[in-house]
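Input: a single structure, listed below in structure tokens.
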Amino acid sequence: MIRLSANPAIDTVIKLVTVAVAMFAFVFVVMVPLYDVLCDALGINGKTSGQAYTAVQAGVDEERVVTVQFVATNNEGMPWEFGPSQTAMKVHPGAVNDTVFFARNPLPKAMVAQAIPSVSPARAAEYFHKTECFCFNQQPLEGESAADMPLQFIVDQDLPRDIKTITLSYTIFDVTDMVNGSVAAR
Amino acid sequence: MGDHHHGPAKGLGRWLFTTNHKDIGTMYLWFSFAMFILGGFFAMVIRAELFQPGMQLVDPAFFNQMTTLHGLVMVFGAIMPSFVGLANWLIPMMIGAPDMALPRMNNWSFWILPPTFLLLASTLFMEGGAPAFGWTFYAPLSTTYAPPSVTFFIFSVHVLGLSSIMGSINIIATVMNMRAPGMTYMKMPLFVWTWLITAFLLVAVMPVLAGAVTMMLMDIHFGTSFFSAAGGGDPVLFQHVFWFFGHPEVYIIILPAFGVVSQIIPAFSRKPLFGYDSMVYATASIAFLSFIVWAHHMYTVGMPIAGELFFMYATMLIAVPTGVKVFNWVSTMWRGALSFETPMLFSLGFLVLFTLGGFTGLMLSIAPSDFQYHDSYFVVAHFHYVMVAGAVFSMTAAVYYWLPKWCGRMYNESMGKTHFWISFIGFNLTFFPQHFVGLAGMPRRIPDYALQFTDFNMMSSVGAFIYGASQILFLYNVIATIVAGKPVSDEKVWDGAEGLEWTLPTPAPYHTFETPPKIDPAHAHS
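As they're listed, the protein sequences go chains A and B.
With this note's numbering applied, the first sequence closes on residue 186, and no number is skipped along the way.
With this note's numbering applied, the second sequence closes on residue 712, and no number is skipped along the way.
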């Protein structure tokens with residue numbers, strides 16, 4: 001054992017303070033990033049990938065039909081009108097599908113929104129690929145204006161057989177203050 | 187130093203500037219008792235409101251503040267400091283050291299506590315009220331929806347963590363460096379062992395708690411989004427970080443209690459502790475396992491099935507070392523010459539009720555059934571069986587057991603026994619029915635409930651008032667003992683007691699073991 005001080009008690013103290021400081025740092029530099037990495041890698045918590053998926057040409061499974069439902073929720077205090085243009089679609093695994101969500105900013109001021117996706121059942125998250133999504137970026141809207149926001153997705157052919165319905169939920173958050181406060185979102 | 191013995195200084199300065207482990211231990215014990223009364227008062231408000239269904243006495247927001255402060259004050263103000271106080275008094279006397287290794291830091295680690303709890307209690311009078319998000323302060327309740335007083339709460343938790351870390355560093359430094367010659371690790375009394383392991387747990391996880399509240403602070407005031415989905419964070423992350431601290435925390439609370447009953451049961455069985463080595467290894471195993479089971483508090487957040495299974499099996503594994511301990515305590519009593527003085531009664535109460543709490547813990551560890559029990563009164567019943575009947579009963583036993591050694595006067599035995607039986611009945615009347623209402627579907631942390639739960643809730647409330655009132659008897663008995671108890675002068679106050687502290691004069695002098703004692707190999711461990 002390395003001695004850091006001639007006084008054995010001080011030596012113990014130095015080592016233990018180091019442990020305490022290291023554990024404090026551990027929370028920030030290990031636990032937080034590890035949690036994000038694990039959620040991304042395992043698709044847990046219904047988290048879908050934050051990046052666009054590059055389609056792999058693997059053919060369309062015409063035999064199978066999967067229902068994809070769309071749910072839209074406003075976070076508390078978010079005044080936008082926000083919803084899917086159609087509440088459900090029947091799709092074949094492997095096929096590229098397009099839909100749009102509409103958004104309208106009823107207030108007279110410009111705002112910025114961020115939509116956060118979540119897939120249920122959580123097990124389906126890693127088989128639900130988005131090639132284009134309004135949730136990849138923050139969405140600005142001028143006051144009293146509206147926009148259609150596109151979503152393009154592929155349900156993977158490897159989706160477990162027992163999953164017949166996938167629900168994709170978006171919660172829209174007002175991030176205007178965060179953007180204007182020039183504090184970068186994580 | 188030689189013959190230069192001096193007694194305590196006079197007046198208030200004695201307590202403010204003291205570096206004496208006995209003075210500091212005494213202050214910790216009185217402070218924790220004051221917090222026990224304060225937290226108990228909050229509990230009485232909760233039980234008074236729940237005596238009948240419907241809104242009776244307080245509004246729901248205030249009710250939530252009561253449940254939050256009750257939990258925080260009891261965990262961080264009553265139970266933890268009480269065991270630190272016990273450690274201060276006893277560890278130097280048990281290992282033959284003249285004092286703690288770092289006496290000035292010891293003074294600091296105590297004196298930052300009272301202002302911190304004053305600050306925490308003062309949030310009750312702030313605009314928006316005290317924190318109302320439960321002692322587990324889950325985000326976003328504690329971030330986005332928190333009252334402004336949350337910042338004071340965060341500062342309090344930081345300082346409490348600092349105090350705990352300083353206290354535990356002191357304990358480790360004392361045990362590792364100041365044992366009398368011949369006092370090897372495997373000869374230390376089990377109370378010293380359990381505290382050594384507890385102190386390591388504290389050094390490892392209190393910084394994690396500090397990290398969690400620091401992230402909350404940054405989310406609230408500095409625009410980060412650790413726990414806010416809007417900025418790419420995740421509220422579930424909070425629960426992982428919190429319980430990575432929170433699960434070891436429950437063993438931080440209970441391990442010193444294990445140590446206490448491992449001293450008391452042998453004394454009143456007049457036999458050495460059965461299976462000393464296995465007790466040490468079981469304690470270490472529990473401490474290790476406590477780091478890999480945290481997510482059993484959050485089965486319902488939507489974990490993958492593999493995660494649920496891992497945390498379920500790991501949690502069930504803890505029953506093995508805990509079972510070893512219970513087995514050893516029972517085997518210590520087997521064919522012993524038992525007598526049932528108050529410390530022994532409280533230790534036996536601990537043994538029976540803690541085991542019951544352990545069983546309900548096993549039920550909760552089963553992931554599929556936990557979905558029913560989660561966030562119900564069943565959970566409340568479970569953790570009060572281990573926290574109150576576990577930690578508080580053993581602490582009470584410790585006070586009765588060592589009080590005559592500390593002050594040289596004997597407490598009133600029949601009053602002590604009365605205190606035990608009223609506590610035992612009151613406690614069970616309070617918490618046993620909560621198992622039933624929990625299984626029947628009553629959620630925790632609600633000020634109002636469905637009519638069918640009325641009878642059991644009335645029983646709970648009556649029991650709680652009885653248990654609360656019995657602590658007044660305890661306070662009276664302790665004060666009466668200190669002021670006018672029957673003097674005792676035997677070094678061994680209890681004929682079955684073993685250990686270095688019982689070789690000292692009674693009452694224990696202000697300075698002890700200024701020259702290290704000789705360790706008698708026959709008297710290895712307690």
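Glycine is no exception: its CB is placed at the ideal position from the N, C-alpha and C atoms.
**OP:** Please state whether DSSP places A/Lys130 in a helix, a strand or coil.
**Re:** Residue 130 of chain A sits at position 130 when you count from the first residue of the first sequence. In the structure shown, A/Lys130 sits in a strand (DSSP, three-state: E or B).
Original post:
Should B/Ala283 be flagged as near chain A, meaning a C-beta pair shorter than 8 angstroms?
Top reply: Counting from 1 along the second sequence, the entry for residue 283 of chain B is found at position 97. Judged by the 8 angstroms Cβ criterion, B/Ala283 is not in contact with chain A.
Subject >> Contacts around B/Glu687, its chain only, beta-carbon distance under 8 angstroms, and the 5 residues preceding and following it disregarded >> reply: Locating residue 687 of chain B in the second sequence gives position 501, counting from the first residue. If we look at B/Glu687 and ignore the five residues flanking it on each side, its Cβ neighbours are Leu276, Met279, Met280, Trp588, Lys591, Ala694.
Original post:
Do you know how far the Cα of B/Leu304 is from the Cα of B/Trp297?
Top reply: One-based indexing of the second sequence puts residue 297 of chain B at position 111. One-based indexing of the second sequence puts residue 304 of chain B at position 118. Looking at the two C-alpha atoms, the distance is approximately 12 angstroms.
Original post:
If we ignore side chains and look at the alpha-carbon of each, how far apart do B/Ala505 and B/Leu548 end up?
Top reply: For the purposes of this step, residue 505 of chain B is taken as residue 319 along the second sequence, with counting starting at 1. For the purposes of this step, residue 548 of chain B is taken as residue 362 along the second sequence, with counting starting at 1. Taking the straight line joining both Cα atoms gives about 8 angstroms.
Original post:
A/Pro8 versus chain B: which residues are under 7 angstroms apart at the beta carbon?
Top reply: One-based indexing of the first sequence puts residue 8 of chain A at position 8. Going along chain B in sequence order, the residues near A/Pro8 (Cβ under 7 angstroms) are Asn363.
**OP:** Go through its chain and collect everything with a Cβ distance to A/Ile163's Cβ below 6 angstroms, but skip five positions before and after it.
**Re:** In the first sequence, counting from the first residue as 1, residue 163 of chain A sits at position 163. Contacts found: Ala124.
Original post:
Of all the CB atoms in chain B, is at least one closer than 8 angstroms to the CB of A/Phe101?
Top reply: As a working note, residue 101 of chain A is residue 101 in the first sequence. No, its Cβ sits nowhere closer than 8 angstroms to a Cβ of chain B.
Original post:
Near B/Thr501, what residues of its chain come up, given a Cβ to Cβ distance below 6 angstroms and the 5 sequence neighbours on each side ignored?
Top reply: For the purposes of this step, residue 501 of chain B is identified with residue 315 of the second sequence, where counting begins at 1. Closer than 6 angstroms at Cβ, skipping near neighbours: Val479, His482, Ser551.
**OP:** Identify the continuous beta strand (DSSP E) that holds A/Ala146 and give its terminal residues.
**Re:** Locating residue 146 of chain A in the first sequence gives position 146, where the first residue counts as 1. 146 to 155 is the span of the beta strand (DSSP E), which, as asked, contains A/Ala146.
**OP:** Could you tell me which uninterrupted alpha helix (DSSP H) segments, each at least 4 residues in length, are contained entirely in the stretch 422 to 491 of chain B, listed from first to last along the chain?
**Re:** 462 to 475
**OP:** Can you give me the Cβ contacts of A/Val66 inside the same chain, cut-off strictly under 8 angstroms, excluding the 5 residues immediately before and after it?
**Re:** Position 66 of the first sequence, counted from the first residue, corresponds to residue 66 of chain A. Same-chain partners within the cutoff: Lys90, Val91, His92, Pro93, Val155, Leu159, Ile163, Lys164, Thr165, Ile166.
Original post:
Any beta-carbon of chain A closer than 8 angstroms to the one on B/His426?
Top reply: Reading the second sequence from its first residue, position 240 is the one you call residue 426 of chain B. Yes, B/His426 counts as interfacial toward chain A.
Subject >> Same chain, Cβ closer than 6 angstroms to B/Leu539, five either side skipped, listed in chain order >> reply: Along the second sequence, one-based indexing puts residue 539 of chain B at 353. Only Tyr571, Ala575 meet the Cβ criterion.
Subject >> Beta-carbon neighbours of B/Met397, restricted to chain A and to distances below 7 angstroms >> reply: Taking the first residue of the second sequence as position 1, residue 397 of chain B is located at position 211. Before going on, a small fix: residue 397 of chain B reads as Gly here, not Met. Going along chain A in sequence order, the residues near B/Gly397 (Cβ under 7 angstroms) are Phe24, Val27, Phe28.
**OP:** Can you tell me which of the three DSSP states A/Ala9 falls into?
**Re:** Numbered from its first residue, the first sequence carries residue 9 of chain A at position 9. Of the three classes helix, strand and coil, the one that applies to A/Ala9 here is helix, per DSSP.
Original post:
Taking Cβ-Cβ distances shorter than 9 angstroms, what residues in chain B pair up with A/Met31?
Top reply: As a working mapping, residue 31 of chain A is identified with position 31 in the first sequence. By Cβ distance, chain B contributes Val394, Gly397, Leu423, His426, Val427, Phe430.
Subject >> Limits of the beta strand (DSSP E) - the one that B/Met645 falls within >> reply: Walking along the second sequence from the start, residue 645 of chain B turns up at place 459. Per DSSP, B/Met645 belongs to no beta strand (DSSP E); it is in the alpha helix (DSSP H), 640 to 670.
**OP:** To the nearest angstrom, report how far apart B/His344 and B/Gly320 are at their CA atoms.
**Re:** Here residue 344 of chain B is taken as the residue at index 158 of the second sequence, counted from 1. Here residue 320 of chain B is taken as the residue at index 134 of the second sequence, counted from 1. Roughly 17 angstroms separates the two Cα atoms.
**OP:** Using DSSP bridges, identify the partner residues of A/Gln139.
**Re:** To locate residue 139 of chain A, count along the first sequence from 1; it is residue 139. DSSP, once it has assigned bridges, lists A/Ala113 as partnering A/Gln139.
Subject >> Distance between beta carbons of B/Ser295 and B/Gly353, contact taken as under 8 angstroms >> reply: Counting from one through the second sequence, the residue named residue 353 of chain B turns up at place 167. Counting from one through the second sequence, the residue named residue 295 of chain B turns up at place 109. At roughly 4 angstroms, the Cβ-Cβ gap stays under 8 angstroms, so B/Gly353 and B/Ser295 are in contact.
**OP:** Inspect the CB distances between the stretch 668 to 684 of chain B and the stretch 611 to 628 of chain B and report whether three or more fall short of 8 angstroms.
**Re:** no
**OP:** Starting from A/Tyr35, find everything on chain B with Cβ-Cβ shorter than 8 angstroms and list it in chain order.
**Re:** Residue numbering aside, residue 35 of chain A sits at position 35 when the first sequence is read from its first letter. Per Cβ cutoff of 8 angstroms: Asp420, Leu423, His426.
**OP:** Rounded to whole angstroms, what's the CA-CA distance from A/Val112 to B/Ser411? Just pull it up for me.
**Re:** Position 112 of the first sequence holds residue 112 of chain A. Position 225 of the second sequence holds residue 411 of chain B. Looking at the two C-alpha atoms, the distance is approximately 16 angstroms.
**OP:** Can you grab the Cα-Cα spacing for the pair A/Ala22 / B/Leu395, in whole Å?
**Re:** As a working mapping, residue 22 of chain A is identified with position 22 in the first sequence. As a working mapping, residue 395 of chain B is identified with position 209 in the second sequence. If you take the alpha carbons of A/Ala22 and B/Leu395, they lie about 13 angstroms apart.
Subject >> Option in B/Leu615, B/Ser476, B/Phe339, B/Ala583 with minimal Cα separation from B/Lys603 >> reply: Here residue 603 of chain B refers to the residue found at position 417 when the second sequence is read from its first residue. The option with the nearest alpha carbon to B/Lys603 is B/Ala583.
Original post:
For A/Val66, which three-state DSSP category applies?
Top reply: The sequence position of residue 66 of chain A within the first sequence is 66, counting from 1. The answer is strand: DSSP assigns A/Val66 an E or B state.
Subject >> Residues that A/Leu16 contacts on chain B, provided the C-beta gap is smaller than 7 angstroms >> reply: On the first sequence, position 16 is the one that residue 16 of chain A refers to. Correct list: Ile355, Ile358, Val389.
**OP:** Under 8 angstroms between beta-carbons, which chain A residues line up against B/Leu288? List them in chain order, please.
**Re:** For the purposes of this step, residue 288 of chain B is taken as the residue at position 102 of the second sequence. Ala9, Val13, listed in chain order.
Original post:
Quick one: what's B/Gly314 bridged to in DSSP?
Top reply: Start at 1 with the first residue of the second sequence, and residue 314 of chain B comes out as number 128. None; B/Gly314 has no bridge partner.
Original post:
If you measure beta-carbon to beta-carbon, which residues of the stretch 114 to 134 of chain A are closer than 8 angstroms to chain B?
Top reply: Gln114, Ile116, Ala122, Arg123
Original post:
According to the neighbour-count rule (16 or more other Cβ atoms, all chains shown, within 10 Å of its Cβ), is B/Asn250 buried or exposed?
Top reply: On the second sequence, residue 250 of chain B is found 64 positions in, with the first residue counted as 1. The residue is buried, with at least 16 neighbouring Cβ atoms inside 10 Å.
**OP:** State the Cα-Cα distance for the pair B/Met252 and B/Asp706, rounded to the nearest angstrom.
**Re:** Counted from its first residue, the second sequence places residue 252 of chain B at position 66. Counted from its first residue, the second sequence places residue 706 of chain B at position 520. If I take the Cα positions, the gap works out to 52 angstroms.
Subject >> Counted within 10 angstroms of its Cβ, other Cβ atoms place A/Ala88 as buried (16 or more) or exposed >> reply: As a working note, residue 88 of chain A is residue 88 in the first sequence. Per the 10 Å Cβ criterion, exposed.
Original post:
If you run the structure through DSSP and keep just helix, strand and coil, what is B/Phe699?
Top reply: Here the question's residue 699 of chain B lines up with position 513 in the second sequence. B/Phe699 falls in the coil class under three-state DSSP.
**OP:** Return the first residue and the last residue of the alpha helix (DSSP H) that B/Gly535 is part of.
**Re:** Taking the first residue of the second sequence as position 1, residue 535 of chain B is located at position 349. Its alpha helix (DSSP H) spans residues 528 to 551.
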